[in-house]
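Novice:
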Amino acid sequence: MSKKDEPLKGWRAPTEEEYRFADEHVDERLFERGPANSAVQWGLWTLHEELAAAARFYRAADLQGQRDAVFASLFAVERYLKSQGFSEATTEPLIRPAEALVDREANRRDLLFCERKRSGAPSRTVADYNKIGAIAALAEAWLALHKDGDGKVADKLKRFIRHVEGPWLCNLTLSRVKAAREMVSQEAKDHPAVEWANRYRNWLAESARLGGPAAAIRTVARILNRPGRRETSED
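This is the structure:
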């Protein structure tokens, strides 16, 4: 382990009791309101302009254009609420219809928008890309942690699966982990799987600065596997 990978002086891994205590209180923190980062009056003026523009487009648009206007309106409201300190957990139900619109464009049937865009098998959803990004980022961190160890990459990934598998990171196989890594490495930087992977990389990096890379992987996987997470279509 290099000097930069070592835990901060005085840091120790949380105990099982501390993990349980954190699980009991994490929802309280998820739904807390943080400090606002924009003035209410200016934020409302901006929100009104965005909603008015979307509404004008909605009135003149075809069905697909109306879907786009709904999508833009929902995200405008979400941006305003976040600027006023609302957490992502609090705004999640608000943005759910927007996710359904994205799923429809990916040919995925959704209960909110049941008609598929075209015939054929459904494609991946936003939630699927979230999990693909998480798997790829965690596997990447695991291989980096064990880069000096003996054994083939496949053997290391099998150990990785045993280490992180749980209620959300479930049904993991070697081929599924490899496919996630390939998608993230080959797709464009604006691909949703790549964007999710970058978020998880940043999270792992922040956690590693506190407790080292091994603890970061364990902590992030444990949080992802908390009960109550919405499953994806691939599970």
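Numbering (numbering that gives the first Met the number 0), first residue to last: 0 to 234.
Backbone N, C-alpha and C fix where the C-beta goes; we use that ideal spot for every residue, glycine too.
Can you tell which of Val69, Lys130, Glu139 has its C-alpha closest to the C-alpha of Pro166?
Specialist: Lys130
Novice: When DSSP labels each residue in this structure, what does Lys81 get in the three-state scheme?
Specialist: helix
Novice: What is the DSSP secondary structure of Leu223, counted as helix, strand or coil?
Specialist: helix
Novice: If I'm right that Ala135 touches Ala179 with Cβ under 8 Å, what's the distance once you round it to whole angstroms?
Specialist: In this structure Ala135 touches Ala179 by the C-beta definition: roughly 4 Å separates them, less than 8 Å.
Novice: Name the two residues that bound the continuous alpha helix (DSSP H) containing Thr45.
Specialist: 39-59 is the span of the alpha helix (DSSP H), which, as asked, contains Thr45.
Novice: Quick one: residues in its chain with C-beta nearer than 8 Å to the C-beta of Glu186, no 5 flanking neighbours on either side, listed in chain order?
Specialist: Cβ within range, chain order: Ala192, Val193.
Novice: Could you say which of Thr172, Ser174, His162 lies nearest to Thr218 if we only look at CA atoms?
Specialist: His162
Novice: Per DSSP, what kind of secondary structure is Met0 in: helix, strand or coil?
Specialist: Note that Met0 scores 49 on pLDDT, short of 50, meaning its location in the model is unreliable; the coordinates nonetheless yield the value given after this. Looking at Met0 - three-state DSSP - the assignment turns out to be coil, as it is neither helix nor strand.
Novice: Please confirm whether Leu46 and Val76 have their CB atoms less than 9 Å apart.
Specialist: yes
Novice: When burial is assigned at 16 or more other CB atoms within 10 Å of the CB, is Glu16 buried or exposed?
Specialist: exposed
Novice: Nearest CA to the CA of Ala214: which residue from Val39, Leu144, Lys188?
Specialist: Leu144
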